[in-house]
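Going by our numbering, 396 is the number at position 59 of the sequence shown; the sequence numbering is gapless.
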Amino acid sequence: MTSTGTHTRRAGTDAAARTAGPQVWDDMTVEVALSLMAAARTRHLVICDADGRRTGRVTLGRLTAVRNGSGYTDQVRLRDLVEGRVALTAPPAAPAEAGPAPRHRPLGILSRSR
338 MTSTGTHTRR AGTDAAARTA GPQVWDDMTV EVALSLMAAA RTRHLVICDA
388 DGRRTGRVTL GRLTAVRNGS GYTDQVRLRD LVEGRVALTA PPAAPAEAGP
438 APRHRPLGIL SRSR
């Protein structure tokens with residue numbers, strides 16, 4: 338006798354596997370999230386609320402843009418990104434310099450005329 342088995346597969350399993358990643362709470366700060374991403378060597382995090390429900394996903398690029406933005410403080414949390422409370426604006430540009438940087442040359446010996 339040979340038994341035949343059936344394999345059931347949930348629809349969307351592949352899509353869930355592609356978007357899966359480290360899950361973090363939405364009250365985590367941007368700095369901690371960046372550190373976690375570096376340690377986990379991942380390019381995105383899945384954000385969950387206090388009930389464990391997925392509320393969003395954030396990428397390394399977005400976190401870096403937020404941290405470098407003009408509205409960033411060390412109090413910005415991942416939930417602020419999900420809820421759209423943090424603007425992604427570029428940091429202010431450095432003021433233009435008046436001219437080229439001066440060159441530093443070693444002082445030479447001055448000749449004296451008699």
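By construction, the Cβ of each residue, glycine as well, lies at the ideal position given by its N, Cα and C atoms.
What you are looking at is a predicted structure, and each value in this text was computed from that prediction instead of being measured.
Three-way DSSP call (helix, strand, coil) for residue i in this model
| i | result |
| --- | --- |
| THR401 | helix |
| VAL367 | helix |
| ALA354 | Per-residue confidence for ALA354 stands at a pLDDT of 47, beneath the threshold of 50, marking its modelled position as unreliable; the derived number appears in the next sentence. Reduced to three states, the DSSP call for ALA354 is helix. |
| VAL413 | coil |
| VAL423 | coil |
| ARG347 | With a pLDDT of 47 at ARG347, under the threshold of 50, the modelled position of that residue is not reliable, and the figure given next carries that caveat. Three-state DSSP puts ARG347 in coil, outside helix and strand. |
Cutoff 7 Å; reference residue i; Cβ partners in own chain excluding five residues on either side
| i | result |
| --- | --- |
| ASP316 | Nothing about residue 316 can be read from this structure; the chain reaches only from 338 to 451. |
| THR392 | ASP363, ILE384, CYS385, ASP386 and VAL419 |
Same chain, Cβ closer than 8 Å to residue i, neighbours up to 5 away in sequence not counted
| i | result |
| --- | --- |
| ALA370 | VAL361, LEU382, VAL395, LEU400 and LEU415 |
| PRO409 | Correcting the residue identity first, residue 409 is Tyr in this sequence and not Pro. So the list reads VAL367, VAL403 and VAL423, once near-sequence residues are dropped. |
Selection from the options that minimises the alpha carbon distance to residue i
| i | options | result |
| --- | --- | --- |
| ASP388 | ASP363, VAL419, ALA376 and VAL403 | ASP363 |
| GLU420 | GLY398, ALA357 and ILE384 | ILE384 |
| VAL403 | ALA375, LEU418, ALA377 and GLY393 | LEU418 |
Distance between beta carbons of residue j and residue i, contact taken as under 8 Å
| i | j | result |
| --- | --- | --- |
| THR379 | GLY358 | 6 Å |
Own chain, CB closer than 6 Å to residue i, minus 5 neighbours either side, in chain order
| i | result |
| --- | --- |
| ALA377 | PRO359 |
| HIS344 | In this predicted model, HIS344 has a pLDDT of only 44, less than 50, meaning its place in the structure is not dependable; the value taken from the coordinates is given anyway. Excluding residues within five positions, none has a Cβ falling inside 6 Å. |
| MET374 | LEU397 |
Worksheet item: Can you list, in chain order, the stretches of the beta strand (DSSP E) that have 3 or more residues and sit fully within the stretch 372-399?
Response: 381-385 and 391-396
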